[in-house]
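If you count by numbering that gives the first Met the number 0, then the sequence shown holds residues 0 to 339, one letter each, in order. Following: one structure in structure tokens, then a few remarks.
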Amino acid sequence: MTILAIKETEAFFKVLDESSELLKDALSTSYLDAFIESGDNLIDGHVQVEDGRPDEKVVQQLQGLYDSVDRNQLNPETARQGIQLSMLKAMREDDIQGNHQMTPDSIGMVMGYIVIRLVEKQNQLTILDPAVGTANLLTTIINQLKDATHEKVAAIGIDNDESLLSVADISTTLQQAAVTLMHQDALGELQIPEADLVVSDLPIGYYPLDEKVTMFQTHAQSGHSYVHHLLLEQAMRYVKPGGYGVFLVPSQLFSTPESKGLLSWLQDAAYLQGLLALPKDLFTAEQSAKSILLLQRHGQDVKQADKVMIGEFPSFKDQAAFSKFIAEIVDWELSDLLKR
0 MTILAIKETE AFFKVLDESS ELLKDALSTS YLDAFIESGD NLIDGHVQVE DGRPDEKVVQ
60 QLQGLYDSVD RNQLNPETAR QGIQLSMLKA MREDDIQGNH QMTPDSIGMV MGYIVIRLVE
120 KQNQLTILDP AVGTANLLTT IINQLKDATH EKVAAIGIDN DESLLSVADI STTLQQAAVT
180 LMHQDALGEL QIPEADLVVS DLPIGYYPLD EKVTMFQTHA QSGHSYVHHL LLEQAMRYVK
240 PGGYGVFLVP SQLFSTPESK GLLSWLQDAA YLQGLLALPK DLFTAEQSAK SILLLQRHGQ
300 DVKQADKVMI GEFPSFKDQA AFSKFIAEIV DWELSDLLKR
């Protein structure tokens, strides 16, 4: 990132932060709810007042902050990163649970590197994220694709958390991204077209509604099912035949007793084309380590790559080793995965 881009992001974050703090105090609410209120004000161009709050003095302060932003000239990455900084503050102040935290930029960028070559020959692209959260990962990848391919990119994001989806709405609107957001349980019946690509940082844990998922091959034989197993199956249902899914998953995905059902589903529905472990130094404990999983839905003229890409990223701090590993992934995509 250039010095100018850093300054622009800092300036935009200052507007978001100061306005959120003003509304937090004026409305006696959480930082996250204040941010959502402020984001809506910024998009509408005026300050919402209800029951005399915020008062006229605060309204004038807020309006001055909003007027300092030229939305038509706002760079998508400036908007995304400014919102990301606000969400990092919200997570600290509001003690937001782990599954609601954002995908780090370093991981999002790596997933974008992998995605670019998979879809670069398509003139139009539709992406699905069934656990979109704040849309930070989704828009990170969209912005990379637009920079690399200059093609039309649209997306569908689904989440059952209304607050996170409100943040996603603010983020995608300010970035002028063509994203349709849906507030629903992604494991229900989805009224959406098939996507060209699925990307997602899958939530980890158990799905509580056992009766709802009995038709899934990945559901547990007894007790609650893993939600990340179910979402893998569901997501790949809604990608076109031959389409890819790029997921952030637990590194122990295939090492648990419940993985038997997952592997059985994989044999029927998708090819496991790659599993890349992220650097261990990104995670505080071994059990929280994650990997990037690359799946491809079965389809005509689609087959298992001769060489499945399995490996572990070197530390992102070792730039030479990291660049070498990325080059190996690119070479594998071009020579093994895409030339079949």
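Every residue gets a Cβ at the ideal spot worked out from N, C-alpha and C, and that includes glycine.
Note down the Cα distance separating E188 from A234, rounded to an integer number of angstroms.
For the purposes of this step, residue 188 is taken as residue 189 along the sequence shown, with counting starting at 1. For the purposes of this step, residue 234 is taken as residue 235 along the sequence shown, with counting starting at 1. Taking the straight line joining both Cα atoms gives about 11 Å.
Cβ separation of L201 and H227, assumed to be a contact under 8 Å, to the nearest whole Å
What you label residue 201 is simply residue 202 of the sequence shown in a count that begins at 1. What you label residue 227 is simply residue 228 of the sequence shown in a count that begins at 1. Between H227 and L201 the Cβ distance is about 4 Å, and since that is below 8 Å, they are a contact.
Give, in chain order, every unbroken run of the beta strand (DSSP E) that is at least 3 residues long and sits entirely within the region 105 to 149.
123 to 128
What residues are listed by DSSP as bridge partners for A269?
Taking the sequence shown and counting its residues from 1, one reaches residue 269 at position 270. Per DSSP, R296.
Mind listing, in chain order, the continuous alpha helix (DSSP H) runs of no fewer than 4 residues lying wholly within the region 207 to 273?
226 to 236, 258 to 268
Please classify N71: is it buried, with 16 or more other beta-carbons within 10 angstroms of its beta-carbon, or exposed?
Indexing the sequence shown from 1 puts residue 71 at position 72. With a threshold of 16 other beta carbon atoms within 10 Å, N71 falls short and is exposed.
Secondary structure at L196, three-state DSSP: helix, strand or coil?
Position 197 of the sequence shown, counting from 1, holds the residue named residue 196. Strand.
Mind checking whether V14 and L31 have CB atoms under 9 Å apart?
Along the sequence shown, one-based indexing puts residue 14 at 15. Along the sequence shown, one-based indexing puts residue 31 at 32. No, Cβ-Cβ distance for V14 and L31 is not below 9 Å.
State the DSSP-derived secondary structure class of I5, mapped to helix, strand or coil.
Locating residue 5 in the sequence shown gives position 6, where the first residue counts as 1. Helix at I5.
For S37, I'd like the list of residues in its chain whose CB is within less than 7 Å of its CB, leaving aside the five on either flank, ordered along the chain.
On the sequence shown, position 38 is the one that residue 37 refers to. Excluding sequence neighbours, S37 sits near L15, S18, S19, L22.
Measuring only the C-alpha atoms, how far is I203 from I115?
Position 204 of the sequence shown, counting from 1, holds the residue named residue 203. Position 116 of the sequence shown, counting from 1, holds the residue named residue 115. Cα-Cα distance, rounded: 26 Å.
Out of D66, E76, Y225, A25, which one is the CA nearest neighbour of E7?
By one-based count along the sequence shown, residue 7 stands at place 8. Measuring from the Cα of E7, the nearest candidate turns out to be E76.
Output needed for V57: all residues of its chain with C-beta closer than 7 Å, excluding positions within five of it in sequence on either side, in chain order.
To locate residue 57, count along the sequence shown from 1; it is residue 58. Result list for V57: L21, A25, in chain order.
Pairwise C-alpha distance: V198 and A167
Within the sequence shown, numbered from 1, the residue matching residue 167 stands at position 168. Within the sequence shown, numbered from 1, the residue matching residue 198 stands at position 199. Spanning the two alpha carbons is a distance of roughly 15 Å.
By Cβ distance below 6 Å, which residues in the same chain neighbour M308 in space, the five residues on each side in sequence not counted?
Position 309 of the sequence shown holds residue 308. Once the five neighbours on either side are set aside, the close Cβ partners of M308 are G273, W331.
Are the Cβ atoms of L293 and G244 separated by less than 9 Å?
Here residue 293 is taken as the residue at index 294 of the sequence shown, counted from 1. Here residue 244 is taken as the residue at index 245 of the sequence shown, counted from 1. Yes, these two residues count as a Cβ contact at 9 Å.
Note down the Cα distance separating R91 from V238, rounded to an integer number of angstroms.
As a working note, residue 91 is residue 92 in the sequence shown. As a working note, residue 238 is residue 239 in the sequence shown. Their Cα atoms are separated by approximately 36 Å.
Just to confirm before moving on: does the CB-CB distance between N135 and I82 stay below 9 Å?
As a working note, residue 135 is residue 136 in the sequence shown. As a working note, residue 82 is residue 83 in the sequence shown. It is a contact, given that the beta carbons lie within the stated cut-off.
Between L61 and V46, what straight-line distance do the alpha-carbon atoms span, to the nearest angstrom?
Position 62 of the sequence shown, counted from the first residue, corresponds to residue 61. Position 47 of the sequence shown, counted from the first residue, corresponds to residue 46. Rounded to whole angstroms, L61 to V46 spans 7 Å at the Cα level.
Just tell me which of L186, P207, K88 has its CA closest to the CA of A33.
As a first step, residue 33 must be located in the sequence shown, where it is residue number 34. The shortest C-alpha separation from A33 is found at K88.
Are the CB atoms of L124 and A153 within a distance shorter than 9 Å?
Mapped onto the sequence shown, residue 153 falls at position 154. Mapped onto the sequence shown, residue 124 falls at position 125. The answer is yes: Cβ separation under 9 Å.
Cβ neighbours of Y225 in the same chain (closer than 6 Å, five flanking residues each side left out):
Mapped onto the sequence shown, residue 225 falls at position 226. E257, listed in sequence order.
In or out: T171 buried (at least 16 other Cβ within 10 Å) or exposed?
Stepping through the sequence shown from its first residue, residue 171 is reached at position 172. Buried, because 16 or more other Cβ atoms sit within 10 Å of the Cβ of T171.
Do you know whose CA, among Q190, I141, K120, K211, lies nearest L337's CA?
To locate residue 337, count along the sequence shown from 1; it is residue 338. Among Q190, I141, K120, K211, the Cα nearest to that of L337 belongs to K120.
Can you look up D69 in the DSSP assignment and give me helix, strand or coil?
Position 70 of the sequence shown, counting from 1, holds the residue named residue 69. In this structure, D69 counts as coil in the three-state DSSP scheme.
Spatial neighbours of L229 in its chain, beta-carbon cut-off 8 Å, leaving aside the 5 residues before and after
The count along the sequence shown starts at 1 and reaches residue 229 at position 230. Counting only Cβ-Cβ distances below 8 Å, and skipping sequence neighbours, we find L186, Y206, V212, F215, T217, H218.
With DSSP as the reference, please indicate the residues paired to H182 in a beta bridge.
Sequence index remark: in the sequence shown, residue 182 carries index 183 (1-based). Residue pairing from DSSP places H182 in a beta bridge opposite D158.
If I follow the unbroken beta strand (DSSP E) through I309, where does it start and stop?
Residue 309 sits at position 310 when you count from the first residue of the sequence shown. From DSSP, the beta strand (DSSP E) with I309 extends over 308 to 311.
Nearest CA to the CA of A284: which residue from Q251, Q318, L333?
Within the sequence shown, residue 284 is the residue found at index 285, counting from 1. Closest option to A284, judged by alpha-carbon separation, among Q251, Q318, L333: Q251.
Would you decide whether D300 is buried or exposed? Buried here means 16 or more other CB atoms lie within 10 Å of its CB.
Here residue 300 corresponds to residue number 301 of the sequence shown, with the count starting at 1. Classification for D300: exposed.
If I measure Cβ to Cβ from A276 and keep anything under 6 Å in the same chain, skipping five residues before and after, which residues do I get?
Along the sequence shown, one-based indexing puts residue 276 at 277. Closer than 6 Å at Cβ, skipping near neighbours: S250, S290, E311.
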